[in-house]
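Note sheet for the following structure.
Number of protein chains: 2
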Amino acid sequence: MAKKKFIYFFGGGKAEGNGKMKELLGGKGAGLAEMTNIGLPVPAGFTITTEVCDYYYRHNRTYPPGFDKELSRNITRLERLVGKRFGDPDDPLLVSVRSGAARSMPGMMETILNLGLNDVSVEGLSKKTTNRRFALDAYRRFIVMYGSTAKGVPRERFEEEFNDIKERRTKVRLRRSTVFDTDVNEEELEELIPILKKVYKDHTGEEFPNDPGEQLRGAIDAVIRSWMAEKAVTYRKVEKITGLKGTAVNIVQMVFGNMGDNSGTGVCFTRDPSTGENTFYGDLLMNAQGEDVVAGIRTPIHLKDLERIMPKVYRQLCQVRKKLERHYRDMQDIEFTIEEGKLYILQTRAGKRSPRASFKIAVDMVKERLITREEAILRITDKDIEGLFYPVIDPSIPKEELKKYFFAAGIGAVPGAASGRVVFTAKDAEEWTARGERVVLVRKETSPEDVGGMHAAKGILTATGGKTSHAAVVARGWGKCCVVGCEDLNIDYEGKTMKVGNTVIKEGDEITLNGSTGEVFRTALRLIDPELPPAYDTLMKWADRVRVLKVRTNVDTPYDAENAVRLGAEGIGLCRTEHMFFDTDERRIAIQRMILAENEGTRKEALEELLPFQKRDFMGIFRAMDGKPVTIRLLDPPLHEFVPHTEDEQKHLAQMLGMPFHQVKRNISRLHETNPMLGHRGCRLCITYPEILDTQVRAIMEAACECKKKGIKVLPEIMLPLIMDAKELGILAQRTREVAERVMKEQGVRVKYSVGTMIEVPRAALLADRIGRIAEFFSFGTNDLTQMTLGMSRDDAGRFLPEYVDEKKAGILKTDPFQSLDQEGVGLLIKMAVQKGRKANPSLKIGICGEHGGDPASVEFCQRNDFDYVSCSPFRVPIARLAAAQAQIRWPRKR
Amino acid sequence: MAKKKFIYFFGGGKAEGNGKMKELLGGKGAGLAEMTNIGLPVPAGFTITTEVCDYYYRHNRTYPPGFDKELSRNITRLERLVGKRFGDPDDPLLVSVRSGAARSMPGMMETILNLGLNDVSVEGLSKKTTNRRFALDAYRRFIVMYGSTAKGVPRERFEEEFNDIKERRTKVRLRRSTVFDTDVNEEELEELIPILKKVYKDHTGEEFPNDPGEQLRGAIDAVIRSWMAEKAVTYRKVEKITGLKGTAVNIVQMVFGNMGDNSGTGVCFTRDPSTGENTFYGDLLMNAQGEDVVAGIRTPIHLKDLERIMPKVYRQLCQVRKKLERHYRDMQDIEFTIEEGKLYILQTRAGKRSPRASFKIAVDMVKERLITREEAILRITDKDIEGLFYPVIDPSIPKEELKKYFFAAGIGAVPGAASGRVVFTAKDAEEWTARGERVVLVRKETSPEDVGGMHAAKGILTATGGKTSHAAVVARGWGKCCVVGCEDLNIDYEGKTMKVGNTVIKEGDEITLNGSTGEVFRTALRLIDPELPPAYDTLMKWADRVRVLKVRTNVDTPYDAENAVRLGAEGIGLCRTEHMFFDTDERRIAIQRMILAENEGTRKEALEELLPFQKRDFMGIFRAMDGKPVTIRLLDPPLHEFVPHTEDEQKHLAQMLGMPFHQVKRNISRLHETNPMLGHRGCRLCITYPEILDTQVRAIMEAACECKKKGIKVLPEIMLPLIMDAKELGILAQRTREVAERVMKEQGVRVKYSVGTMIEVPRAALLADRIGRIAEFFSFGTNDLTQMTLGMSRDDAGRFLPEYVDEKKAGILKTDPFQSLDQEGVGLLIKMAVQKGRKANPSLKIGICGEHGGDPASVEFCQRNDFDYVSCSPFRVPIARLAAAQAQIRWPRKR
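These protein sequence lines map, in sequence, to chains F and E.
Residue numbering for the first sequence follows the numbering used here, starting at 1 and increasing by one per position.
Residue numbering for the second sequence follows the numbering used here, starting at 896 and increasing by one per position.
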């Protein structure tokens, strides 16, 4: 049996390991080996395998026989290769020591830098850098890191001594009340070092090790012991990580960019991270260390200047760039250091980029044959698409300015930004907009009555509610900037002001909302408008060709329908009929008359009045969709949402309707419900008042017939909400078909239509086999299905849901179940319903029309469960198209 | 092949068919054959088989060859046997014709009586009965029945003519503005008959058939055709009745009790239906027909008088009594007619009986070895038990008196009756009761704050809410008479009055509630108090020996616990901790202080205050239950249920708490929720405020430890409500166990306890495998589980649920899902959860603690799904015990 190898060396252009040996070398060690192998000038070093860690714990905390020798051999090899020696008084070898398992894992030991420094070698570093203060400071840091990280000395103990020096010496010398670490000078550091060593000795009972070999053994020990640290063990338990052997230990040569004018350090991107252009882009500081770059005291020079100063190094860097893109097939973010004219690549990783750049790089790389179209599609995220569509606050505005105007923070419900004058009523929003103002509507909360004003406003701000409150849901449908749940806001409707603490904003004052972060600013900040780059069109075309899942949209008006088609919608998955009733005063009064009717007769009359409005809307929508399927949901919300609740408004309504006030008041109070979400709404309205169904179906079918006669293609799908029983659906579907047939007979034309149901009540999902025999399609209403399955009202969840999704607190749910489908719970119910439904009726068409239809993880769920389509708000249509393509690549399905 | 037999004769002591031939002879035909076979003097007749009907529809609506001959033969046989002939001018044979399939089925033809009458035979009937008016009226009825039922002449057409005679002749003759059918005399009937025959001819185009044979063929035709009547076909479709051949036709000799003084008609019971005594009991009218008994004009004589008048007939009847009880092994309700000294048994069926009689008869019959104990158990219904326990309005109060005092009708939520003086506030109810008044508490709706007053009152009446409203649920727990949803009620709290229309009831006026019917009377009616008969104890002992399912109870106080144990409870399945906080002002203030606390510190202080109260309650309950398991649910309702909502009350509270009013108001308004059922409640309170859990667990465990030290056995089971996730339960169960261990250490004693969860959120049921790994028991909270699974708030369902359960309207649900478990939907979820839970944890204890635990059908469901126990309100414990025994008999399970 061959002897086991415990240490893998890398450096000088080749490595003993490679990128595939993650299990043995850990992620970091395998990466260093890989970079070395592809010829990058990586600092040399070696990796102690995970098997050593495994052996250590299996053998009563001892190292395998022969390990010491192998370690010595590798140290010698490293010294030879880099031409430096541990503890050298002129040019000492310094190394970093890092842990690294096959999977990244919090709770294990972090980096120890500058290992190898001692009272002798610190002078060597000082000579090489001609900066004694730097060398002493590096030594100080090493003592603290080694003491605290490897030996468990409380970091505060070191800090106390450092602070003492600062107080006693630095402050006195500078005669300032505040001093920084960087103010401490050479002498003061020289005084500090023996003090720190004493702290070390007091705590550990041992002298601080001067021998770099001993330092190294201590650091290796510390890394291996950290594998069993409580935090790391807990993490593996919680995340169910099993089967790992242990951690590897990486020992790597330290390099310094502050060794003189032929040294430097920098960061570069293989392509422009903000435009995506295929140009080399980067900054560096000459004669400087990483810390100097972070401190931002000196201004960096550009990469092209390096070409002038050190053309050889620049050419080498260009080769690295090419090599890295070839190898990793993605734009890279590279950290490098030049030590005395020698280039070292310290790290490379996929570079962060702007949304525009994401598209440009993905599409360009396909053209350059670096990646396939499928890979390009997988590289784009939903955030990339969002970033292209919404206006944003000009990123060049300095942070201090933002801070100065900061007013309050709520929950960012719809991304993007908006600015305008504050108004406090929907009516004002409409009127001010009509006279040319840009306004932001501010409300405690919004209701369906506010929809007109919400539409008119540039942005919406509410004091209450979460991401799925009325305001958020409606605004999301339009892609309109919206901040909700801004709880510090004190709104005074009568005084027309809002206050946070003592800061008051009055009607007409300008504010800006950041819908991505939830911030509110008390001025009109500069916004940058969105513009779609050509790469977007190319990539989305590819995505459309790949995907199988259809993408529809949730819209209620012809205007929104047209917009959604432009964004790629292939049909309407949810057309809510209730919003139509708030469009004008005329309509509002008609629906209110219907609701307050005291008998079937007057109710029917009021419904007759509404019919032409609805019909006109449906015709507009059919025209806009031009033959694409249009799913129309019959009236869904509880009726009290349509009527006013203040006495004044009720009095006004009584006058308008010619009804006694007390009667209006009484009828409205009768509509009150304890839990309206679970009340008299949805198809239950049609069971108790079948004339509501009759009128709506008539309006849909008359519109469809008239469109067809005009040569417009139509494909209406009539959808019944809140179904919980097969017999219930049977009764209503039959009535729907009877009305439809009657209308077609009257109109003398036949139109293809279908009748289906939302699945949004858990019972409907459980009985999907019976319901599937009657329905022609299922559309999962995952908003309500989530509320009912979790027993969680989205309007009220704000007080406890944050704790549930916050990993640092209870962390019970992985994500907000109203944002991304709860696949474990609700998903199980949906799976069951799909299987039962399709078994009973193989031709059942299945879609989703909840908020989740535009969430990539939920779209993937739909792909895997054989849905026919997803439907989402227009502004999420592109995201859903992309997600559907990605899902098809990951979970291919037959077309 | 033997020739098929189409007609089965019965009469003269023997029948060609028997009771098992339901498929061939229909239920009715088989019953008639059976009665004949066991030697009862049943009128003779014959049954045409269902195969004839089948043949008819398979052969283009024709009768099988040979059928006519067989029919003639049977008519002749019948004429010979009874000694009468069709159409005889002196003593005609008359028959009834009835349909009858193997299963009873609405929509088919009903009875035609007196077939065989014509212008000649009517005179024969007149002679025999010496009552020409009777004979003519029978003829009139026959023409109408035959015309409308068999030939489809609109019944109104006949009615119009009858009314015309009444208007034109009877009214004029009697000089009265109102006349009844019985006022029409012989001459007027004589005039009417040719007119009715003309109506018949005008509609059918044929003369009314004079030939009884032709009449009979017409009636047979009509019965067979009614098999395919739309209503019957729909019924079979809806009820999924398939595999039936068709309907049979029963032709039976008519007998008359008005043929002179040796004739008569009556009804008797084989035992006393009100006491259950084994004595023969009955009434009869001599020389009278069934109609005369119904009309109630003449006073009937008792059975013992018959012994004197017609001793032979009486002895025969006694033999019938014995024979019937032997044969049917149950108390029978017998209809008989004596025609000229000859006894005919027209019908026998299991007799309706009072609750006391039910128990007495069942127990007696076991002693008489007529039935087994199991059969005795199966004979008792939940209504029988209810009837024993609740006071009722004296049934001897005449209907007119009830009518006179009728005030309003609501929904009967808890059966029984109550009377007392009206009060409108819970406080008044307590105060008036304290000074010795009997009161009925009247509220628009009740809330937890009213519980004290509700308990003090004799009965509760609310204007809103359904059977599962707060008032109904709380009252049911106490078995206290309660009427809810009395929507006509106009309550004026300030004026202390309630009105229905113009009738006003003031505070202090007496009313009576009938909790079974929902009626409200505006006086104090006489009530009869319940008393348990000895047979009850005997039968319940048998039931307890039989059943496997344990029966627990839902109670919150030591007093109720003791009561429940007396009623047979074997543990507490649900002890709600929230009601404890309303017991006194002191407690109320403490919980309110806790809720309005602005930080953890003050919240903890307030909780400390509550701890001793809770502990005292728990000790009382443990003492009452003496070692029986006690499941205690941690705080469940949303916090706003504990605080006042009017400005005055809030001001008062602010004073009591020493907090500024605006702060109290703001903090309370922050508690407002849109859908409180799905809000911040249940275990969510413990996730956000873990100190609530700590205090409650501490109170439970301190109480348990102290009890144990005093020698009282304790078995606490700590239950977490509204769990929806395994991790959520894991966090809370761990914290619960930590607190419990800490308390036991402090107290120096160990107590056996367990930690489990309610399954009331659909997600918890779906993920029962994961949750089952952590919980030691599941208790299905079917109230909330039903609300969430059906998406139906029980507080709001009143506006549509009646339509859903009303068979005459939509008829979507078979029963109110809040009364009896929705086995199709919610049941499916429960089944799944039980299977998953037990698979993950075979020792999982499973129970139910929703309202359904006391519903017999739901108890059977629990038996079939391997539950360990059911838990219900104390007053339903006996019902559950019985239902559990019945379920074990029907669906035996291993012990």
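All residues carry an ideal CB built from backbone N, CA and C; glycine is no exception.
Since we're looking at a predicted model, the values are computed, not measured.
* To do: Please classify F:G257: does DSSP put it in a helix, a strand, or coil?
  => Looking at F:G257 - three-state DSSP - the assignment turns out to be coil, as it is neither helix nor strand.
* Asked: Can you name the residues that DSSP bridges to F:T265?
  -> BP columns for F:T265 point to F:L285 and F:T337.
* Asked: Does any residue of chain E bring its CB to less than 8 Å from the CB of F:V761?
  -> Yes, F:V761 lies at the interface with chain E (some Cβ there is under 8 Å from its Cβ).
* Asked: Looking only at its own chain, which residues have a Cβ that is under 7 Å from the Cβ of E:A1775, when we skip the five neighbours before and after it?
  -> V1446, G1748, G1749, V1754, V1765 and C1767, listed in sequence order.
* Taking all protein chains shown into account, do 16 or more other C-beta atoms lie within 10 angstroms of the C-beta of F:D648, making it buried, or fewer, making it exposed? -> Counting other Cβ atoms within 10 Å of its Cβ, F:D648 stays below 16 and is therefore classed as exposed.
* **Closest residue to F:G730 among F:C683, F:R698 and F:R742 (Cα-Cα distance)** => The option with the nearest alpha carbon to F:G730 is F:C683.
* E:L1573 versus F:P644, F:R633 and F:M788, residue with shortest Cα-Cα distance -> Out of F:P644, F:R633 and F:M788, the CA that lies nearest to the CA of E:L1573 is found in F:M788.
* Identify whether F:S779 lies in helix, strand or coil by the three-state DSSP scheme. => Of the three classes helix, strand and coil, the one that applies to F:S779 here is strand, per DSSP.
* chain F contacts from the stretch 1551-1574 of chain E (Cβ-Cβ distance under 7 Å) -> Legend: CB atoms of the stretch 1551-1574 of chain E lying less than 7 Å from CB atoms of chain F belong to residues E1568, T1569, N1570, P1571, M1572, L1573 and G1574.
* Asked: How about F:L285 and F:G264: do their beta carbons lie closer than 8 Å?
  -> Contact flag set, yes.
* Asked: Does E:I1626 have its Cβ less than 8 Å from a Cβ in chain F?
  -> At least one chain F Cβ lies under 8 Å of E:I1626.
* Asked: Taking 8 Å as the CB-CB cut-off, is E:E1719 touching chain F?
  -> Interface residue, yes.
* Asked: Cβ-heavy atom distance between E:T1569 and the ligand NAD below 7 Å?
  -> Among the components modelled here there is no ligand, and therefore nothing to report on the ligand NAD.
* **Runs of alpha helix (DSSP H) wholly within the stretch 775-857 of chain F (minimum 4 residues, chain order)** => The alpha helix (DSSP H) runs lying completely inside the stretch 775-857 of chain F and spanning 4 residues or more are 782-790, 801-805 and 826-840, given in chain order.
* Meets three-Cβ-pair contact criterion under 8 Å: the stretch 471-480 of chain F and the stretch 413-428 of chain F -> The stretch 471-480 of chain F makes contact with the stretch 413-428 of chain F; the number of CB pairs closer than 8 Å reaches 3 or more.
* To do: Compare the C-alpha of F:P92 against each of F:I112, F:L125 and F:M656 and name the closest.
  => Selected option, being the one with the closest Cα: F:L125.
* **Runs of beta strand (DSSP E) lying entirely within the stretch 606-693 of chain F, each at least 3 residues, in chain order** => With a minimum length of 3 residues, the continuous beta strand (DSSP E) runs that stay inside the stretch 606-693 of chain F are 630-633.
* Specify the secondary structure class of F:Y8 as computed by DSSP and reduced to three states. => Secondary structure at F:Y8: strand, using DSSP grouped into helix, strand and coil.
* To do: Please look up how many angstroms separate the CB atoms of F:V223 and F:V249, rounded, as I've assumed it's under 8 Å.
  => The beta-carbon separation of F:V223 and F:V249, rounded to 5 Å, stays under the 8 Å limit for a contact.
* Asked: Smallest Cα separation from E:E1801: which of E:P1104, E:Q1214 and E:F1029?
  -> This structure leaves residue 1801 of chain E out entirely; chain E is present only between 896 and 1790.
* Asked: Does the Cβ of F:I823 have 16 or more other Cβ atoms within 10 Å, making it buried, or fewer, making it exposed?
  -> Per the sequence shown, residue 823 of chain F should be read as Gln rather than Ile. Per the 10 Å Cβ criterion, buried.
* Asked: Which residues share a DSSP beta bridge with E:A1143?
  -> Among the bridge pairs identified by DSSP, E:A1143 is matched with E:G995.
* Give every residue of the same chain whose Cβ lies closer than 6 Å to the Cβ of E:D1279, excluding the five residues on either side of it in the sequence, and list them in chain order. => Answer for E:D1279: P1250 and S1253, listed in chain order.
* Asked: Of all Cβ atoms in chain E, is any one closer than 8 Å to the Cβ of F:M1?
  -> Only weak support is given to the placement of F:M1: the predicted model assigns it a pLDDT of 44, under 50, and the question is left unresolved by the model.
* Separation of E:K1096 from E:P1049, as counted between CA atoms -> Their backbone Cα atoms lie some 12 Å apart in a straight line.
* Asked: So which of E:K1046, E:T1392, E:D1521 and E:A1752 has the shortest CA-CA distance to E:G1100?
  -> Relative to the Cα of E:G1100, the nearest Cα in the group E:K1046, E:T1392, E:D1521 and E:A1752 belongs to E:K1046.
* Closest by C-alpha distance to E:L1212, when choosing among E:R1120, E:T1243 and E:N1182 -> Distance check between E:L1212 and each of E:R1120, E:T1243 and E:N1182 places E:T1243 closest, using alpha-carbon atoms only.
* To do: Examine chain E for any beta-carbon lying closer than 8 Å to the beta-carbon of F:E702, and answer yes or no.
  => No, because no Cβ of chain E sits closer than 8 Å to the Cβ of F:E702.
* Asked: Going by other Cβ atoms of all chains shown within 10 Å of its Cβ, with 16 needed for buried, is F:R175 buried or exposed?
  -> With fewer than 16 Cβ atoms within 10 Å of its Cβ, F:R175 is classed as exposed.
* Asked: Roughly how many angstroms lie between the CA atoms of E:G1185 and E:Q1730, to the nearest whole one?
  -> Between E:G1185 and E:Q1730, the C-alpha separation is close to 57 Å.
* Ordered along the chain, which non-local residues of its own chain (more than five positions away) have a Cβ less than 7 Å from that of F:A597? -> For F:A597, where only same-chain residues beyond five positions count, the Cβ hits under 7 Å are R603 and A606.
* Using the beta-carbon count (16 or more within 10 Å), is E:G1141 buried or exposed? -> E:G1141 sits buried, since 16 or more C-beta atoms from the chains shown fall within 10 Å of its C-beta.
* **Any C-beta of chain E under 8 Å from that of F:A810** => Answer yes: the Cβ-Cβ gap between F:A810 and chain E drops below 8 Å somewhere.
* To do: Compare the Cα-Cα distances from F:L639 to each of F:T646, F:Q614, F:I668 and F:P612 and report the closest residue.
  => Closest option to F:L639, Cα to Cα, is F:I668.
* What does a CB cutoff of less than 7 Å around E:H1197 pick up in its chain, not counting 5 residues either side in sequence? -> Correct list, in chain order: D1178.
* Asked: I think E:A1752 touches E:L1444, with their Cβ atoms under 8 Å apart; what is that distance to the nearest whole Å?
  -> Contact between E:A1752 and E:L1444 does not hold, since the beta-carbon distance rounds to 14 Å and is not under 8 Å.
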